[in-house]
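Mapped onto the working numbering, the consecutive letters of the sequence shown carry residue numbers 2 to 158.
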Amino acid sequence: MHVHNGSLDGAGLRVALVAGRFNELVVERLVAGAADCLRRHGVADDDITLAWVPGSFEIPVVARRLAASGRFDAVVTLGAVVRGQTAHFDYVAGQAAQVGRVADETGVPVAFGVLTTETFEQAVERAGGKLGNKGWDAALAAIETARLLADLPKPTD
Ligand code: INI
Numbered sequence: 002m003h004v005h006n007g008s009l010d011g012a013g014l015r016v017a018l019v020a021g022r023f024n025e026l027v028v029e030r031l032v033a034g035a036a037d038c039l040r041r042h043g044v045a046d047d048d049i050t051l052a053w054v055p056g057s058f059e060i061p062v063v064a065r066r067l068a069a070s071g072r073f074d075a076v077v078t079l080g081a082v083v084r085g086q087t088a089h090f091d092y093v094a095g096q097a098a099q100v101g102r103v104a105d106e107t108g109v110p111v112a113f114g115v116l117t118t119e120t121f122e123q124a125v126e127r128a129g130g131k132l133g134n135k136g137w138d139a140a141l142a143a144i145e146t147a148r149l150l151a152d153l154p155k156p157t158d
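Written out as structure tokens, the structure reads:
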């Protein structure tokens, strides 16, 4: 049996973060968590790029540009969508989740660190509060997946 596991060694990896500024108090904590995770796992500061977008709705188009550039081994998306009272939530959260397609189409791992919560407090809990930091978790998933892909056979064309 050939078992592959992505290592958590980030040395040499180039990683792009895409962050939605909406609910910035929360998202800046996700960004800090993601950057801390990347550095602690060996990613050089100079190999981390951060792009801010207005809100989570804009994350996929920028993630796609960065993933398709050939300059990054992984992309980490970070945002906070809070339900509030309107159907707006469903459209914004649904659009943000399109980053999964970006990964499929480019072959570059795109980690989903966009919080989708009922309340602002629930978002805070997941951004360095009592439920951890989902920015950190997404960054670790990006490293592991990038390493795994590097370890697997390349596509033939
Ligand atoms: N963007 C978010 O990232 N989170 C939200 O909770 C949110 N709400 O609630 O509206 C939000 N809206 C802005 C959206 O992402 C776009 O920036 C905007 O619609 C312009 O396209």
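Think of the CB as a built atom: it goes at the ideal place given N, C-alpha and C, for glycine as much as any other residue.
It should be emphasised that the depicted structure is a prediction, and the values quoted were computed from it without experimental measurement.
Tell me whether F23, by its Cβ, gets closer than 7 Å to a heavy atom of the ligand INI. Here residue 23 corresponds to residue number 22 of the sequence shown, with the count starting at 1. Correct: F23 has its Cβ closer than 7 Å to the ligand INI.
Please determine whether the Cβ atom of F113 lies at a distance below 7 Å from any heavy atom of the ligand INI. Here residue 113 is taken as the residue at index 112 of the sequence shown, counted from 1. No, the Cβ of F113 stays beyond 7 Å of every heavy atom of the ligand INI.
Is any heavy atom of the ligand SAM found at a distance shorter than 7 Å from the C-beta of F121? No copy of the ligand SAM occurs in the structure displayed; its ligands are the ligand INI alone.
Please say whether V93 and A104 have beta carbons closer to each other than 8 Å? On the sequence shown, residue 104 is found 103 positions in, with the first residue counted as 1. On the sequence shown, residue 93 is found 92 positions in, with the first residue counted as 1. For the 8 Å CB-CB criterion, A104 and V93 do not form a contact.
Coarse secondary structure for V44, derived from DSSP in three states: Along the sequence shown, one-based indexing puts residue 44 at 43. Coil, per DSSP.
If we define contact as Cβ-Cβ less than 8 Å, is A151 a contact residue for chain C? Considering every chain present, this structure includes no chain C. It has just one protein chain.
Using 8 Å for Cβ pairs, my map puts A64 next to V19. What's the rounded Cβ distance? Within the sequence shown, residue 64 is the residue found at index 63, counting from 1. Within the sequence shown, residue 19 is the residue found at index 18, counting from 1. In this structure A64 is in contact with V19, their Cβ atoms being roughly 5 Å apart against a cut-off of 8 Å.
Report buried or exposed for G114, applying the criterion of at least 16 other Cβ atoms within 10 angstroms of its Cβ. Taking the sequence shown and counting its residues from 1, one reaches residue 114 at position 113. It counts as buried.
With A12 as the anchor, note down where its alpha helix (DSSP H) starts and where it stops. For the purposes of this step, residue 12 is identified with residue 11 of the sequence shown, where counting begins at 1. Segment: none, A12 is in no alpha helix (DSSP H) and carries neither H nor E.
Closer than 7 Å: G43 CB and nearest the ligand INI heavy atom: Numbered from 1 along the sequence shown, position 42 holds the residue referred to as residue 43. No, Cβ of G43 sits at least 7 Å from all heavy atoms of the ligand INI.
Going by DSSP, what residue range makes up the alpha helix (DSSP H) through T118? In the sequence shown, residue 118 corresponds to position 117, counting from 1. First-last for T118: 111-118, but that is the beta strand (DSSP E), not the alpha helix (DSSP H).
The stretch 55-62 touching the stretch 136-145, judged by at least three CB pairs closer than 8 Å: No, because fewer than three Cβ pairs between the stretch 55-62 and the stretch 136-145 fall closer than 8 Å, the two stretches do not touch.
Neighbour-count burial assignment, L153, 16 or more Cβ in a 10 Å radius: Taking the sequence shown and counting its residues from 1, one reaches residue 153 at position 152. Its Cβ having fewer than 16 others within 10 Å, L153 is exposed.
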